[in-house]
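Residue numbers (my numbering): 139 to 614. Every residue, glycine too, gets a C-beta built ideally from N, C-alpha and C. Quick caveat: nothing in here was measured; it's all calculated off a predicted structure. Below: the structure, in C-alpha cells.
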C-alpha cells in the first residue's frame, strides 16, 4: 500500500470522525431541534464548508469573567430599594419585573426614570450633543456602527474637545460594525486623552476566531452616570435627515434620566472590562440620584451569549403572552422562534389586536425571505402584518396594552436573541406606551398591509424561496 493509498483512506476517515465529533458537540449544546437539524444538515451535505462555517458561526455561548464593580456595586445595591419609581399594582407587571430581576440581576433592577423618546435622527443627535456638552466628569459611548462620515466625525470632534477639557471619554465600538473607522480617524480623540477600544477585534494580533460571530449590537451612551441614551440609532449619516434628507432611516431612540441610567452604566462597564481588562469603579460613575419631577418605573434588560438566560427574548415572549388588548411590534429583521410566534398567535386568537411592522425591502435577502415564510400562519391567526418603506425601517420597539413599552437594540430574530450582545429598556408606563403607539400609527399609515389575498398572489418561485430560507432560520 502506497502513501497515496493511505491518504485516500485516512483523510476521509478523519473527516468523518471530526464531523461526528462536531455533531455530538452540537447535540450536547441543547439547541432547539430546528437549529440542531439545520447544522447537522449543513455538516452532512457540505462537510468541509460546514466545519469551517460552524467553527466561526456555530458556537452560541462563551464564558467571560464576571463583571466587577467593587465599591460601585455596593453603592448601587444599597440604593436599589430607594429608586424603584412609581408603585405598580398590575400583577402582570409585577411578574415581568421579577423576570427582569431574575435574568438580568443587578442590571435589571426596576428603577425610577424620566424618558424622552425620539423617532428621528436629527433631534436625537442634538440631545446627545447637548448631554455631552454638559458633562462634568465622564462620557461613555458604545456603538455597533460608528461611521467616519458627517455625523460620526461631528461626534468624534465634540468628544475630542471635551477630552481636552478634562472629561473622561471612553468609546467602545464593535470591530465588525465599525470597521470603516480607522486608527487615523480616532487619532485626534486619542491624542486628546480619550480612550477608544474595539469589541471583539478582528485584527490578527487580537483575533479570536471562535468569538467572531459574537458582536456587540448595543448602542449606549452614559453621561456622568445620570443621563443615558439607548435605542436603534448608530452614529451614521443614514439616520440624519439633515444629511440625507427624506432617505433618513426611520428609527427610535430614547434619553433616560435618573437612577435607571445606572443599569445602562453597568452594561457599558461590563463590556468595557471584557474588551480592555480594566475594571472601572467608583462613586463618580454611580452618583446619588437626583430628584425627578414625574418618575416612572423602568428596567434595563441586557442579554448576550455569555449569559445563561436570553433576557430580552424572555421579556418579549412574556410580555406578548400577557397581552389583553394590543401588541404593537416593530422589527427590521423578523425571524421569530416558535416561542415568540406562538405567543403572537395566541395573543391574537385570545382577542388582542396584534400588529407587526417590518420593512418592505430588507437589506439581507435571505432574512427577508425567511420573514415572509411566517406571514401565512400569522395572518391566518389574525395577526396583521404591515410592510414599511422606503425609507429603511430600523426601529426595534414593542408595546403591550398600556402595560409596557420596550425600546432597544434587539431585532426579533435568533441573532439578536441568542448571539449578539443587546440591550433594551422596558418602561412600565401607560404614557410611554401611548407615545410609542402614536409613532406606530404614523408608520402604519405609510405601510402596506400583507393580507391573505396578498399571500395568495405570491408566485410559486417566491413561495419556494421563502420556504427554503425558513430552513436556515435557526442560523440567521
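Compute the distance between the beta-carbons of residue 289 and residue 374, then report whether it is under 8 Å. yes
Where residue 454 sits in the DSSP three-state scheme: helix
How many whole angstroms separate the CB atoms of residue 547 and residue 560, which I take to be in contact at a CB cut-off of 8 Å? 5 Å
Taking DSSP as the reference, what is the three-state secondary structure of residue 210? Because residue 210 carries a pLDDT of 40, less than 50, the predicted location of this residue cannot be relied on, and the following value inherits that uncertainty. Residue 210 falls in the helix class under three-state DSSP.
Would you call the CB atoms of residue 594 and residue 524 closer than 8 Å? no
Close Cβ partners of residue 460 (< 6 Å) along its chain, the five nearest in sequence each way excluded: 230
Every unbroken beta strand (DSSP E) within the region 432-507, with a cutoff of 3 residues, ordered by chain: 434-441, 464-468 and 491-497
Residue(s) in a DSSP beta bridge with residue 336: 311
CB residue 537 to CB residue 564, shorter than 8 Å? no
Indicate whether residue 333 and residue 308 have their beta-carbon atoms separated by less than 8 Å. yes
Counting C-beta neighbours from all protein chains within 10 Å, is the total for residue 263 16 or more, i.e. buried, or is it exposed? buried
Name the one or two DSSP bridge partners that residue 515 has. Note: residue 515 sits in no beta bridge, so no partner.
Taking the DSSP output, what are the residues bridged to residue 395? 252 and 365
Pull up the CB-CB distance for residue 267 and residue 296, whole angstroms please, since I reckon it's below 8 Å. 6 Å
Following the continuous alpha helix (DSSP H) through residue 541, name the residue where it begins and the one where it ends. No alpha helix (DSSP H) contains residue 541, which DSSP labels as neither H nor E.
Just to confirm, is the Cβ distance from residue 522 to residue 493 under 8 Å? yes
Residue 535 in three-state terms, based on DSSP: strand
Among residues of its own chain, excluding the 5 on either side of residue 323, which ones have a beta-carbon nearer than 6 Å to its beta-carbon? 286
Decide if the region 575-589 is in contact with the region 437-448; the criterion is three or more beta carbon pairs, one per stretch, under 8 Å apart. no
For the alpha helix (DSSP H) containing residue 562, list its first residue and its last residue. Note, residue 562: premise wrong, no alpha helix (DSSP H); beta strand (DSSP E) at 560-566.
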